[in-house]
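These notes are about the structure you will find just below.
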Amino acid sequence: MYFLRILASPKIKEQFMMKNIFVFIFVLLTITGTAQNREKAFEINAKLGRGINYGNMMEAPSEAAWGNPWKPKYAGMISDLGFNHIRIPIRWEPSSRSMSTAPYTISTKFLNRIKQVVDSVLDNGMFAIINMHHHEELFADPDGQKARFLAQWEQISAFFKDYPDSLLFEILNEPNNNLTPEKWNVFAADALKKIRVENPERIVLIGLAPYGGLGGLPNIELPDDEFIILTVHYYNPFHFTHQGASWVGDIADEWLGTKWNDSETEREVVENEFAPLLKFSNDHKIPVHIGEFGAYSKADLKSRVKWTTFVSRYIETLDWSWAYWEFSAGFGIYDPRRDKYNQDLIDALLHNEMPEPAKYVGTPIYKSDFTSSKDGWVLYTQGYGKATMERADSALNISITNGSTEAWHVQLDKRYFNLMKGKKYRLLFKIKAEANTIRTVNAYLGMTKSPWSSYNGTSTFLLTDTFKTYSIMFDMTTTDSHARIAFDFGKSSVNVSLKDIVLETVVLVPPTAVESVNKFKTVVYPNPATNQLYINNIDNFKTCTITNLGGQLFEEQKLIPFMNQINTTHFRPGIYIVQLRGKNSFHAVKLLIN
Numbered sequence: 052m053y054f055l056r057i058l059a060s061p062k063i064k065e066q067f068m069m070k071n072i073f074v075f076i077f078v079l080l081t082i083t084g085t086a087q088n089r090e091k092a093f094e095i096n097a098k099l100g101r102g103i104n105y106g107n108m109m110e111a112p113s114e115a116a117w118g119n120p121w122k123p124k125y126a127g128m129i130s131d132l133g134f135n136h137i138r139i140p141i142r143w144e145p146s147s148r149s150m151s152t153a154p155y156t157i158s159t160k161f162l163n164r165i166k167q168v169v170d171s172v173l174d175n176g177m178f179a180i181i182n183m184h185h186h187e188e189l190f191a192d193p194d195g196q197k198a199r200f201l202a203q204w205e206q207i208s209a210f211f212k213d214y215p216d217s218l219l220f221e222i223l224n225e226p227n228n229n230l231t232p233e234k235w236n237v238f239a240a241d242a243l244k245k246i247r248v249e250n251p252e253r254i255v256l257i258g259l260a261p262y263g264g265l266g267g268l269p270n271i272e273l274p275d276d277e278f279i280i281l282t283v284h285y286y287n288p289f290h291f292t293h294q295g296a297s298w299v300g301d302i303a304d305e306w307l308g309t310k311w312n313d314s315e316t317e318r319e320v321v322e323n324e325f326a327p328l329l330k331f332s333n334d335h336k337i338p339v340h341i342g343e344f345g346a347y348s349k350a351d352l353k354s355r356v357k358w359t360t361f362v363s364r365y366i367e368t369l370d371w372s373w374a375y376w377e378f379s380a381g382f383g384i385y386d387p388r389r390d391k392y393n394q395d396l397i398d399a400l401l402h403n404e405m406p407e408p409a410k411y412v413g414t415p416i417y418k419s420d421f422t423s424s425k426d427g428w429v430l431y432t433q434g435y436g437k438a439t440m441e442r443a444d445s446a447l448n449i450s451i452t453n454g455s456t457e458a459w460h461v462q463l464d465k466r467y468f469n470l471m472k473g474k475k476y477r478l479l480f481k482i483k484a485e486a487n488t489i490r491t492v493n494a495y496l497g498m499t500k501s502p503w504s505s506y507n508g509t510s511t512f513l514l515t516d517t518f519k520t521y522s523i524m525f526d527m528t529t530t531d532s533h534a535r536i537a538f539d540f541g542k543s544s545v546n547v548s549l550k551d552i553v554l555e556t557v558v559l560v561p562p563t564a565v566e567s568v569n570k571f572k573t574v575v576y577p578n579p580a581t582n583q584l585y586i587n588n589i590d591n592f593k594t595c596t597i598t599n600l601g602g603q604l605f606e607e608q609k610l611i612p613f614m615n616q617i618n619t620t621h622f623r624p625g626i627y628i629v630q631l632r633g634k635n636s637f638h639a640v641k642l643l644i645n
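Each number in our numbering corresponds to the 1-based position in the sequence shown with 51 added.
And the structure:
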């Protein structure tokens, strides 16, 4: 304001403006712009690159409590593999590690133990991230434990204040329970202030509440700080990544056998789930670190490799850093008991290129038609929910005046779909939010009576203000002739519009290897076919199977080299999939029968 008053003086203005005003404006804009760019944070995040977690070690109640104690050799092993950083989860709360009453002193012995772990990482040329992890007392009683939480960060900050930029702090892992998103925004900002006393420019990671996942993105309020990174955890689809995980509960055993086929549809789900985070990162100029992702060992290894390859490569296309969960336990890449690496997972993380996706070919069993009616869709409100539905422009428009306290308090559904055991289904729909704000919607297929169970789990989508196609895919493990499609719009008063809803059965067509696309010379003709199909088997495929889009087998025969003939007179008109298999080769062709 003082500068502006000087410029307002006619006597001084002329000389100042001609000589100095451009310098002043440049400096002013530079100061203003720098506060928004987080250049150092982006630079450090790029150096973090690919990382891994020391899981089930220092965040256990005691270091060996979960059977996976830290070993000094681990940092060298991880560095030699090619990782750039290690995230070190730490539980500071146990009485053997810190006092539960003021002044909440952290044991010098434990601080020095963490120092040993950090030093081994830095000495091996990597970056290290230390955090607070599994602070259950803080989650249960955040107000009562806040002083302890802040005092611990004061001590940690002071202890490591002279460390280089290659040490980063992460304020708290997966805030949850009574540490609500609203409280977490306050606690994170207060902890950051404590850290900044001794570490004014150290990069600090801040996560989301609840539980660190993408669902917490609408709740976060970033502190006004130049040196922060947003960290997010990703374990979707949860039915796949946590199948058989005992800590989830008995229901996890029901998910055993769930596969991830690396299809176009599965990839689109991942991309759609990350899209709002990408927008948030760009809008707020905040770098992103995916601090945890992984699939538990009870899943089949081929699916784990496919999922891990795609997720890690896709994160890298977004210029984000990542840390796989974890090194040497249930998700791990190393078995300390056998002293053996899981090379397939290591390759997925560090070496595999992005392969061609598999494809699902669908046969629709329902397509919405909102041109002249609401097509049997009904809007329900419960609790304090208040909403209305109108049809316009071939879409259903949901106007919400009160979203109430639960997502299902404003619910749209259509009932009585026949879902059959053993079939795979895909739900596709286009949806948008009225306002350009973060708005979530739940979508699922499930029961029409108590307990109203969902067959695909809970799929939550973050919307934009333009129509975008989203999808759900799931396997039916039972038959339900009265199933429903449901959308939950509650807990928000942002209006939504929905159209082009399609439910279909799908069959998987595996990908053809990239190097094989140009190599295959086998010809399947004519296409469309009527009575006869010919396969000029130049590539020496061994078998041919022909299925319809629902997966029903219509023809199977062994192939000979060169010319083969198949009678198709018993085929009904429609679309079929011709699958040719060799010893180490596969080729699929979509066939039309007239």
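We treat Cβ as the ideally placed atom computed from N, Cα and C, and that holds for glycine.
Because the structure is a prediction, the values reported are computed rather than measured.
Which of helix, strand or coil DSSP assigns to M405
coil
Under 9 angstroms between the Cβ atoms of T515 and K472?
no
Beta-carbon proximity list for F161, same chain, < 7 angstroms, skipping 5 on both sides
R148
Beta-carbon separation (whole angstroms), D304 vs V356, contact threshold 8 angstroms:
Between V356 and D304 the Cβ distance is about 23 angstroms, and since that is not below 8 angstroms, they are no contact.
If you draw a straight line from the alpha carbon of A409 to that of R164, how long is it in whole angstroms?
47 angstroms
For M614, three-class secondary structure by DSSP:
DSSP places M614 in the strand class (E or B) of the three-state scheme.
Supposed contact pair Y286 and V321 - C-beta distance, whole angstroms, cut 8 angstroms:
V321 to Y286, Cβ: 12 angstroms. No contact.
A209 versus I222: straight-line alpha-carbon distance, rounded
15 angstroms
Which runs of the beta strand (DSSP E) spanning at least 3 residues fall entirely within the stretch 387 to 460, listed in chain order?
410 to 418, 429 to 432, 437 to 443, 446 to 453
A446 and N104 - do their beta-carbons sit closer together than 9 angstroms?
no
Can you tell me where the beta strand (DSSP E) holding F210 begins and where it ends?
Not the beta strand (DSSP E): F210 falls in the alpha helix (DSSP H), residues 193 to 210.
What span of residues does the alpha helix (DSSP H) with H185 cover, start to end?
That residue, H185, is in no alpha helix (DSSP H); it is neither H nor E in DSSP.
By Cβ distance, which residues of its chain are closer than 8 angstroms to L256, with the 5 residues on each side in sequence left out?
I180, N182, L219, F220, E221, I222, I279, I280, L281, T282, H340, G342
If you draw a straight line from the alpha carbon of E315 to that of I626, how long is it in whole angstroms?
Straight through space, the alpha carbons of I626 and E315 are spaced by roughly 20 angstroms.
Measuring CB to CB, does A260 end up less than 9 angstroms from W311?
no
In whole angstroms, give me the CA-to-CA distance for Y262 and N224.
8 angstroms
Cβ neighbour criterion (16 or more within 10 Å) applied to L352
exposed
Going by beta carbon distance, what residues of the same chain come within less than 7 angstroms of S171, once the five residues before and after it are set aside?
P123, A126
Paired residues, beta bridge with T292 - DSSP:
None; T292 has no bridge partner.
Confirm, please, whether the CB-CB distance from N493 to D531 is below 9 angstroms.
no
Go to E114, then tell me how far its alpha helix (DSSP H) extends in each direction, as first and last residue.
Where E114 is concerned, there is no enclosing alpha helix (DSSP H), given that its DSSP letter is neither H nor E.
Answer with buried or exposed for N487, where buried requires no fewer than 16 other C-beta atoms within 10 angstroms of its C-beta.
exposed
Quick one: using the 10 Å Cβ neighbour count with 16 as the cut-off for buried, is W298 buried or exposed?
exposed
Residues bridged to A484 [DSSP beta-bridge criterion]
Its beta-bridge partners are V547.
From the DSSP secondary-structure annotation, give me the bridge partner or partners of E343.
Paired residue(s): H284.
Range of the contiguous beta strand (DSSP E) that encloses K223:
The sequence shown places Leu at residue 223, rather than the Lys named in the question. Looking at the DSSP string, L223 is not in any beta strand (DSSP E), and its letter there is neither H nor E.
Give the single residue among F512, W459, F344 whose Cα lies nearest to the Cα of R138.
F344
Under three-state DSSP, which class holds L79?
Caution applies to L79, whose pLDDT of 35 falls short of 50 and renders its modelled position unreliable; the model cannot decide the point.
Leaving aside the five residues before and after T598 along the sequence, list all residues of the same chain whose C-beta is less than 7 angstroms from its C-beta, in chain order.
V558, L604, F605, Y627, I628
Which listed residue (F178, Y495, P145, D313) has its alpha carbon closest to that of E94
Ranking F178, Y495, P145, D313 by CA distance to the CA of E94 puts F178 first.
Can you tell me the Cα-Cα spacing of K500 and F480, whole angstroms?
K500 and F480 have their C-alpha atoms some 24 angstroms from each other.
For W306, name the three-state secondary structure that DSSP assigns.
coil
Just how far apart, CA to CA, sit Y20 and P232?
Shown here, the chain extends from 52 to 645; a query on residue 20 therefore has no answer.
Taking only the alpha-carbon atoms, compute the straight-line gap between V412 and K641 and give it to the nearest angstrom.
Using only the alpha carbons, I get a separation of about 9 angstroms.
Please work out which residues of its chain come closer than 7 angstroms, Cβ to Cβ, to D551, disregarding the five sequence neighbours upstream and downstream, and give them in chain order.
Counting only Cβ-Cβ distances below 7 angstroms, and skipping sequence neighbours, we find S419, F480, K481.
Suppose you measure from the CA of L201 to the CA of N635; what does that come to, to the nearest Å?
Their Cα atoms are separated by approximately 59 angstroms.
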